[in-house]
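By UniProt numbering, the letter at position 307 of the sequence shown is numbered 307, and the numbering carries on one by one without gaps.
Every residue gets a Cβ at the ideal spot worked out from N, C-alpha and C, and that includes glycine.
Remember, predicted model here, so these are calculated numbers, not experimental data.
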Amino acid sequence: MTAPEIPRPIPGARLLFSLDPSVSHLNHGSFGAVPISVQRAQQRLRDEVEANPLRFYGSSGLMDRIVHTRRHLAAFLGADPDGSALVPNTTAAVSLILQSVGLRAADEVLLTDHAYGAVTTAVRRQCRRSGATARTVAVPLGASAADVTARIRAALRPGRTRLLVVDQVASATAALFPVREIVAAAREHDIPVLVDAAHVPGMLPVDVSAIGADFWVGNLHKWGWAPRGTALLTVAPAWRRRIDPLVVSWEHDEGFPLSVEFQGTIDYTSWLAAPAGVFALRTLGLEAVREHNVALAAYGQRVVGEALGLAPADLPGPGGPGVSMRVVPLPAGLASTPPEAFELRLRIADKLAAEVAVNAWGGRGLLRLSAQIYNRPEDYHLLAERLPALIREMRR
Numbered sequence: 001m002t003a004p005e006i007p008r009p010i011p012g013a014r015l016l017f018s019l020d021p022s023v024s025h026l027n028h029g030s031f032g033a034v035p036i037s038v039q040r041a042q043q044r045l046r047d048e049v050e051a052n053p054l055r056f057y058g059s060s061g062l063m064d065r066i067v068h069t070r071r072h073l074a075a076f077l078g079a080d081p082d083g084s085a086l087v088p089n090t091t092a093a094v095s096l097i098l099q100s101v102g103l104r105a106a107d108e109v110l111l112t113d114h115a116y117g118a119v120t121t122a123v124r125r126q127c128r129r130s131g132a133t134a135r136t137v138a139v140p141l142g143a144s145a146a147d148v149t150a151r152i153r154a155a156l157r158p159g160r161t162r163l164l165v166v167d168q169v170a171s172a173t174a175a176l177f178p179v180r181e182i183v184a185a186a187r188e189h190d191i192p193v194l195v196d197a198a199h200v201p202g203m204l205p206v207d208v209s210a211i212g213a214d215f216w217v218g219n220l221h222k223w224g225w226a227p228r229g230t231a232l233l234t235v236a237p238a239w240r241r242r243i244d245p246l247v248v249s250w251e252h253d254e255g256f257p258l259s260v261e262f263q264g265t266i267d268y269t270s271w272l273a274a275p276a277g278v279f280a281l282r283t284l285g286l287e288a289v290r291e292h293n294v295a296l297a298a299y300g301q302r303v304v305g306e307a308l309g310l311a312p313a314d315l316p317g318p319g320g321p322g323v324s325m326r327v328v329p330l331p332a333g334l335a336s337t338p339p340e341a342f343e344l345r346l347r348i349a350d351k352l353a354a355e356v357a358v359n360a361w362g363g364r365g366l367l368r369l370s371a372q373i374y375n376r377p378e379d380y381h382l383l384a385e386r387l388p389a390l391i392r393e394m395r396r
């Protein structure tokens, strides 16, 4: 297997962000990074708020601006703007949907073992409250799309499975799930599907309407370069009247989506500035950004993997086309539990000046590397040079 080519950097990309240059920022997937132009757009909005709070919050113009922003972002994602709502993040949307589906004691919620930890926690809490059951189906890392769909189809229990929760791009494993096929399989039994697409907006081209999920939610503050606290939830027509907001406020009687979006004096500037992130992506060229990130993630995985003694065959392949995150399996017994994974991540940050993601998955530690246009090949080489010694020190 030939070594991956070193991706060409996008000229001036680092100058678009205000990241600390003394740190290798290799974990864009967790909290993103907001371009300076988008930070300024949000600051102008904050200045507007503070110049006259009553005019900003107390006029009908605020809701008009939220609706306009929602329509802009929905168009970017191929979602129905009238069936979508702006929400703070994917985790908040999951709790909203769990509250709205009406779980009962005989029901179950089905997840895969790739599900995000906070999502699993939310499901278990709602199951405890309702008497329902949470069940997990195992999906091997690297499984084909056909195998993934077959495993999930076989795990469905018609008449009992009340909700299927599936990632589009899994956080811990960077695996891309064939969500359109999974939704179709669940629809054969009238089982609703919630797609956790936290990493999708900006990373992948997407047509939310074509997926056909009952619920789809994606964060725009990761790969979409929006300010943090910006996500879009899309709900199928059959469910819109049943959405029960987590917070009841003045637009409650208007129903979904306004009943979800208006929450009094929260900071709406992150939502209103989000189109500036989409504009920045389009200015650089969406395809150029995506191709750069995918190639650099593959390169970084190979460099770090080789430093840990892993042959190319030992490294998981791309999670799927267009995914700009890769995972590197860590030595057996290292970061195999969530507390150990957390400790290793902090050690890498403190000792190596590198921000990465470390997850315990399937009894094995996985180092997740993201790639964004502000990254360079030398960021991964620097981590590769220093990481083996840190691991040896921790295992003494």
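Considering only DSSP beta bridges, list what Leu231 is partnered with. Taking the first residue of the sequence shown as 1, we reach residue 231 at position 231. For the record, residue 231 in the displayed sequence is Ala; it is not Leu. Answer by DSSP bridge pairing, in chain order: Val87, Asn219.
Taking C-beta to C-beta, are Ala307 and Ala384 nearer than 8 Å? The residue you call residue 307 lines up with position 307 of the sequence shown. The residue you call residue 384 lines up with position 384 of the sequence shown. Yes, they are a contact pair.
Does Gly142 come out as helix, strand or coil in the three-state DSSP assignment? Position 142 of the sequence shown, counted from the start, is the residue given in the question as residue 142. Coil.
Sequence-distant residues of its chain with Cβ nearer than 8 Å to Gln39 (five each side left out): Within the sequence shown, residue 39 is the residue found at index 39, counting from 1. If we look at Gln39 and ignore the five residues flanking it on each side, its Cβ neighbours are Ser18, Pro227.
Here's a check: name, in chain order, each residue in its chain whose Cβ is nearer than 8 Å to the Cβ of His381, leaving out the five neighbours to either side. Numbered from its first residue, the sequence shown carries residue 381 at position 381. Closer than 8 Å at the Cβ level, and outside the excluded window around His381, lie Val303.
Rounded to the nearest angstrom, what separates Ala349 and His25 at their Cα positions? Taking the first residue of the sequence shown as position 1, residue 349 is located at position 349. Taking the first residue of the sequence shown as position 1, residue 25 is located at position 25. Distance between the alpha carbons of Ala349 and His25 is about 10 Å.
Hey, how far is the Cα of Asp379 from the Cα of Gln372? Along the sequence shown, read from residue 1 onward, the residue named residue 379 stands at position 379. Along the sequence shown, read from residue 1 onward, the residue named residue 372 stands at position 372. Taking the straight line joining both Cα atoms gives about 11 Å.
Ignore the nearest five residues each way along the sequence and tell me which others in Leu98's own chain have a CB closer than 7 Å to its CB. Your numbering for residue 98 matches position 98 in the sequence shown. Around Leu98: Ala122, Val123, Gln126.
Contact defined as beta carbons within less than 8 Å: I believe Leu141 pairs with Ala197. What is the distance between those atoms, to the nearest angstrom? As a working note, residue 141 is residue 141 in the sequence shown. As a working note, residue 197 is residue 197 in the sequence shown. Contact flag wrong, Cβ pair sits at about 19 Å.
Let me know if Asn52 comes out buried or exposed under the rule of 16 or more other beta-carbons within 10 Å of its beta-carbon. Locating residue 52 in the sequence shown gives position 52, where the first residue counts as 1. Exposed, because fewer than 16 other Cβ atoms sit within 10 Å of the Cβ of Asn52.
When the Cα atoms are used, what is the spatial distance from Arg242 to Ala143? What you label residue 242 is simply residue 242 of the sequence shown in a count that begins at 1. What you label residue 143 is simply residue 143 of the sequence shown in a count that begins at 1. Going by the C-alpha atoms only, they are around 35 Å apart.
What residue from Gly320, Gly300, Arg55 has the CA that sits closest to residue 399's CA? Residue 399 lies beyond the stretch modelled for the chain, which goes from 1 to 396, so this question has no answer here.
Would Leu344 pass as a contact of Ala335 if the rule is Cβ separation under 8 Å? As a first step, residue 344 is located in the sequence shown; it is residue number 344 there, counting from the start. As a first step, residue 335 is located in the sequence shown; it is residue number 335 there, counting from the start. A contact, by the Cβ cut-off of 8 Å.
Using a 10 Å radius around the Cβ and a threshold of 16 neighbouring Cβ atoms, would you call Ala213 buried or exposed? What you label residue 213 is simply residue 213 of the sequence shown in a count that begins at 1. Label assigned to Ala213: buried.
Take Gly131 and list the residues in its own chain whose beta-carbon comes closer than 6 Å to its own, dropping the five residues that flank it on each side. Here residue 131 refers to the residue found at position 131 of the sequence shown. Once the five neighbours on either side are set aside, the close Cβ partners of Gly131 are Ala105.
Rounded to the nearest angstrom, how far is the Cβ of Pro329 from that of Leu366, given a contact under 8 Å? Working through the sequence shown from its first residue, we reach residue 329 at position 329. Working through the sequence shown from its first residue, we reach residue 366 at position 366. The pair is a contact, with the Cβ atoms about 6 Å apart (cut-off 8 Å).
Roughly how many angstroms separate the alpha carbons of Leu86 and Arg364, rounded to a whole number? For the purposes of this step, residue 86 is taken as the residue at position 86 of the sequence shown. For the purposes of this step, residue 364 is taken as the residue at position 364 of the sequence shown. One C-alpha to the other measures close to 36 Å.
Environment of Gln43 [buried if 16+ CB atoms lie within 10 Å]: For the purposes of this step, residue 43 is taken as the residue at position 43 of the sequence shown. Its Cβ having fewer than 16 others within 10 Å, Gln43 is exposed.
Cutoff 7 Å; reference Glu188; Cβ partners in own chain excluding five residues on either side: Along the sequence shown, one-based indexing puts residue 188 at 188. Taken in chain order, the list of residues that qualify is empty.
How do the region 162-181 and the region 114-121 stand: do at least 3 beta-carbon pairs fall below 8 Å, yes or no? yes
CA nearest to the CA of Pro21, picked from Asn375, Val166, Val206: Stepping through the sequence shown from its first residue, residue 21 is reached at position 21. Looking at the Cα atoms, Asn375 is the closest of the given residues.
Just checking, does the region 215-226 make contact with the region 274-282 on the three C-beta pairs under 8 Å criterion? yes
Can you tell me which of the three DSSP states Ser285 falls into? Residue numbering aside, residue 285 sits at position 285 when the sequence shown is read from its first letter. Checking the sequence, you will find Gly at residue 285 rather than Ser. Looking at Gly285 - three-state DSSP - the assignment turns out to be coil, as it is neither helix nor strand.
Between the C-alpha atoms of Met1 and Thr69, what's the straight-line distance to the nearest angstrom? Here residue 1 refers to the residue found at position 1 of the sequence shown. Here residue 69 refers to the residue found at position 69 of the sequence shown. A caution first: Met1 carries a pLDDT of 45, below 50, which makes its placement in the model too unreliable to give a value.
Outcome for Glu355 when other beta-carbon atoms lying within 10 angstroms are tallied against a minimum of 16: One-based indexing of the sequence shown puts residue 355 at position 355. It counts as buried.
Do you know how far the Cα of Pro257 is from the Cα of Pro245? Mapped onto the sequence shown, residue 245 falls at position 245. Mapped onto the sequence shown, residue 257 falls at position 257. Cα to Cα, Pro245 sits roughly 9 Å from Pro257.
Looking at the structure shown, is Glu108 part of a helix, part of a strand, or coil, going by DSSP? Position 108 of the sequence shown, counted from the first residue, corresponds to residue 108. Note: Glu108 maps to strand in three-state DSSP.
Taking the CB atoms as reference points, tell me whether Leu204 and Val217 lie closer together than 8 Å. Looking up residue 204 in the sequence shown gives position 204. Looking up residue 217 in the sequence shown gives position 217. No. Outside cutoff.
Beta strand (DSSP E) segment containing Thr161, residue limits: Reading the sequence shown from its first residue, position 161 is the one you call residue 161. 161-167 is the extent of the beta strand (DSSP E) around Thr161.
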